[in-house]
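Structure, as structure tokens:
Number of protein chains: 2
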Amino acid sequence: MPHQFLRKLERLGSLSPTDKEALVALLRRPLINLPKGSDLIRIGDIASSIRVLLSGWGLRYKFLPDGRRQILSLVLPADICEMNVFSSLQMDHSIIAAAPTVLAEISREDLQALMARKPAIRNYFLRDLQLTIGLLQEAIVNIGQRTALERMANLFCELHARLDLIGSAPDMQFEFPLVQADLAAATGLSTVHVNRTLQELRHLQLITLSGKQLRILDVAGLRALALFNPDLVRLTGPSQTSADRFQLDWSIVG
Amino acid sequence: MPHQFLRKLERLGSLSPTDKEALVALLRRPLINLPKGSDLIRIGDIASSIRVLLSGWGLRYKFLPDGRRQILSLVLPADICEMNVFSSLQMDHSIIAAAPTVLAEISREDLQALMARKPAIRNYFLRDLQLTIGLLQEAIVNIGQRTALERMANLFCELHARLDLIGSAPDMQFEFPLVQADLAAATGLSTVHVNRTLQELRHLQLITLSGKQLRILDVAGLRALALFNPDLVRLTGPSQTSADRFQLDWSIVG
DNA sequence: CGCGTTCTTGAGGATTGTCAATGGAAGTGG
DNA sequence: CCACTTCCATTGACAATCCTCAAGAACGCG
Numbered sequence: 001m002p003h004q005f006l007r008k009l010e011r012l013g014s015l016s017p018t019d020k021e022a023l024v025a026l027l028r029r030p031l032i033n034l035p036k037g038s039d040l041i042r043i044g045d046i047a048s049s050i051r052v053l054l055s056g057w058g059l060r061y062k063f064l065p066d067g068r069r070q071i072l073s074l075v076l077p078a079d080i081c082e083m084n085v086f087s088s089l090q091m092d093h094s095i096i097a098a099a100p101t102v103l104a105e106i107s108r109e110d111l112q113a114l115m116a117r118k119p120a121i122r123n124y125f126l127r128d129l130q131l132t133i134g135l136l137q138e139a140i141v142n143i144g145q146r147t148a149l150e151r152m153a154n155l156f157c158e159l160h161a162r163l164d165l166i167g168s169a170p171d172m173q174f175e176f177p178l179v180q181a182d183l184a185a186a187t188g189l190s191t192v193h194v195n196r197t198l199q200e201l202r203h204l205q206l207i208t209l210s211g212k213q214l215r216i217l218d219v220a221g222l223r224a225l226a227l228f229n230p231d232l233v234r235l236t237g238p239s240q241t242s243a244d245r246f247q248l249d250w251s252i253v254g
Numbered sequence: 255m256p257h258q259f260l261r262k263l264e265r266l267g268s269l270s271p272t273d274k275e276a277l278v279a280l281l282r283r284p285l286i287n288l289p290k291g292s293d294l295i296r297i298g299d300i301a302s303s304i305r306v307l308l309s310g311w312g313l314r315y316k317f318l319p320d321g322r323r324q325i326l327s328l329v330l331p332a333d334i335c336e337m338n339v340f341s342s343l344q345m346d347h348s349i350i351a352a353a354p355t356v357l358a359e360i361s362r363e364d365l366q367a368l369m370a371r372k373p374a375i376r377n378y379f380l381r382d383l384q385l386t387i388g389l390l391q392e393a394i395v396n397i398g399q400r401t402a403l404e405r406m407a408n409l410f411c412e413l414h415a416r417l418d419l420i421g422s423a424p425d426m427q428f429e430f431p432l433v434q435a436d437l438a439a440a441t442g443l444s445t446v447h448v449n450r451t452l453q454e455l456r457h458l459q460l461i462t463l464s465g466k467q468l469r470i471l472d473v474a475g476l477r478a479l480a481l482f483n484p485d486l487v488r489l490t491g492p493s494q495t496s497a498d499r500f501q502l503d504w505s506i507v508g
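These protein sequence lines are chains A and B, in that order. Residue numbering for the first sequence follows this note's numbering, starting at 1 and increasing by one per position. Residue numbering for the second sequence follows this note's numbering, starting at 255 and increasing by one per position.
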């Protein structure tokens, strides 16, 4: 049932069938259904359990005291809501459901016990955390260095890559629950400018976005425009061969 | 000798004297001296050891293929260079020494063995990783939402808080090895605009910066201007009481 | 002292933001 | 099912922030 989670498990970790069994068994029990707009995590929470998002999207965000909101990252299916799986601190940010969302829950104790018994599972969660950190770093580069057009394009490239990983972007198309104000909060732009940037991406024949459906018309073109970092897709960090490929891919752009 | 590292150990973890002994013993051996401009980490590296920065500053950065550079975070004394202490992946970014730098090294195996024996030490590294993640998230908010003036102010606030933690900002003053081009790469601004923003901060009587010395003249004023998030300072995440304080502190600003 | 790096300044322009208004889509309640 | 409300997308006009280019001054290093 947690199809996408299984897919990510296979890509990220090298789990034995029994390991996967054990993990999924813990997840299966009481699924949590939350409507759009629910808080998945509130700032200040101390999570006693670890939750995996099975369907829907979450927005991980922070506020400035005057109301400015910045989205830190998007929580997609197979992602873990709690970033502090290993150190149980209080949450320093919130997560809200951008769409109706289903979560699976594991108690911290059960997970800890499982990780102690099965190093491969432990490694999976560590690996996943590392991936999340990589995404945060990419977000900094994205917002700090890219123009509005590149920034938006890059966001779509990242989303596509991540969804493709879990098999949720068939036909270069996927459901896209964010409103333009969310895109603005994610990219550090104004909603008006997001609107105009989207129009430009459409005009360039790179994407289609309407009715909560995003379709990428030209992946290569979009990635070139975005100066997309393909290392994100391979989730292993830049391997020796991929470091070379990195050079190659990017030299085309420049 | 690694005075600042000891200080951070005390603040972040609750290590027993013997734990601290054991950790520092591993660190003491062969210190690494690197001149300004050295690569502490190159993208693609697979680190076989974990290194703690004892003195100097490191710049953690990424390039876009057309040469744009974004600094992800600053590596200060007592910080760990390798963010993948627990999952030994390849580095997806580089670190360069912004000043003459001294590193202490622990082999991965030794550290792993030590962490297996001493849970408190393991927890320290997990805690430190979590802190680093928090800083990355704050950087996203900073670049995404704050104006140039606020952004620069916030950067100085963060630096001061982090240096103060390790006792390296006596008298609200500390050595500041970055050039304006570095500040630009850290904040996503142009060097020219960094220059003008610095002038404004000086004119507002908030800071003094010359001869590689940064002095904060008015911490409260600087933090108010920056909309500084004080949770960074308390490294525990927002506690129930600090969540309240969070409200209080920030309402003054708004 | 001389040279390269860094800092500073000016002018002009491009990108992006703000304000305000309109129209459509979606959801609500009767 | 329709009227009503609310949210969301879109557009225009204008303004502000920030960037680029370019040149000169100051600083620091050998």
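C-beta: ideal position from N, C-alpha, C; glycine also. The model shown is predicted, which means the values in this text are computed figures rather than measured ones.
- Contact between B:Thr462 and B:Leu403 does not hold, since their C-beta atoms are separated by about 16 angstroms, which reaches or exceeds 8 angstroms.
- With contacts defined by Cβ atoms closer than 8 angstroms, A:Ala169 and A:Gly13 do not form a contacting pair.
- If you check the CB distance, A:Ser94 and A:Asp39 come in under 8 angstroms.
- Each residue's CA atom was taken as its position, placing B:Asp299 and B:Leu326 some 17 angstroms apart.
- With respect to chain B, the C-beta atom of A:Ala139 has a partner C-beta closer than 8 angstroms.
- For B:Asn377, the chain A residues whose Cβ falls inside 8 angstroms of its Cβ are Ser87, in order along the chain.
- Legend: CB atoms of the segment 315 to 342 of chain B lying less than 7 angstroms from CB atoms of chain A belong to residues Lys316, Leu318, Pro319, Asp320, Arg322, Gln324, Leu326, Met337, Asn338, Phe340 and Ser341.
- By the Cβ criterion, the segment 17 to 28 of chain A is in contact with the segment 109 to 116 of chain A, since at least three pairs of Cβ atoms, one from each stretch, lie closer than 8 angstroms.
- Contact annotation: in the segment 129 to 158 of chain A, residues whose CB is within less than 7 angstroms of a CB in chain B are Gln130, Ile133, Gly134, Leu136, Gln137, Ala139, Ile140, Val141, Ile143, Gly144 and Gln145.
- From the listed residues B:Ser341, B:Leu288 and B:Leu368, the smallest Cα separation to B:Ala351 is found for B:Leu288.
- Under the three-state reduction of DSSP output, B:Asp418 falls in the helix class.
- When secondary structure is reduced to three states using DSSP, A:Gly44 falls in the coil class, being assigned neither helix nor strand.
- Considering only beta carbons, no part of the segment 453 to 479 of chain B lies closer than 9 angstroms to chain A.
- Under the three-state reduction of DSSP, A:Asn84 is assigned to coil, being neither helix nor strand.
- Using a Cβ distance threshold of 8 angstroms, B:Ala353 and B:Gly310 count as a contacting pair.
- For A:Arg127, the C-beta contacts it makes with chain B under 7 angstroms involve Ser341, in order along the chain.
- For the 8 angstroms CB-CB criterion, B:Val356 and B:Ile286 form a contact.
- Contact annotation: A:Gln213 and A:Gln173 have beta-carbon atoms nearer than 8 angstroms.
- For B:Leu443 and A:Leu114, the gap between their C-alpha atoms comes out near 46 angstroms.
- In the three-state DSSP reduction, A:Phe5 falls in the helix class (H, G or I).
- In the structure shown, the three-state DSSP call for B:Gly321 is coil.
- Counting along the chain, no alpha helix (DSSP H) covers B:Arg283, and no H or E run does either.
- Taking a beta-carbon distance threshold of 8 angstroms, A:His93 counts as an interface residue toward chain B.
- At a Cβ-Cβ threshold of 8 angstroms, A:Leu206 and A:Ala186 do not count as neighbours.
- The three-state secondary structure of A:Val179, taken from DSSP, is coil.
- The three-state secondary structure of A:Ala184, taken from DSSP, is helix.
- By the CB criterion at 8 angstroms, A:Leu53 and A:Cys81 fall inside the cutoff.
- According to DSSP, B:Thr451 shares a beta bridge with no other residue.
- No Cβ of chain B is located within less than 8 angstroms of the beta carbon of A:Leu9.
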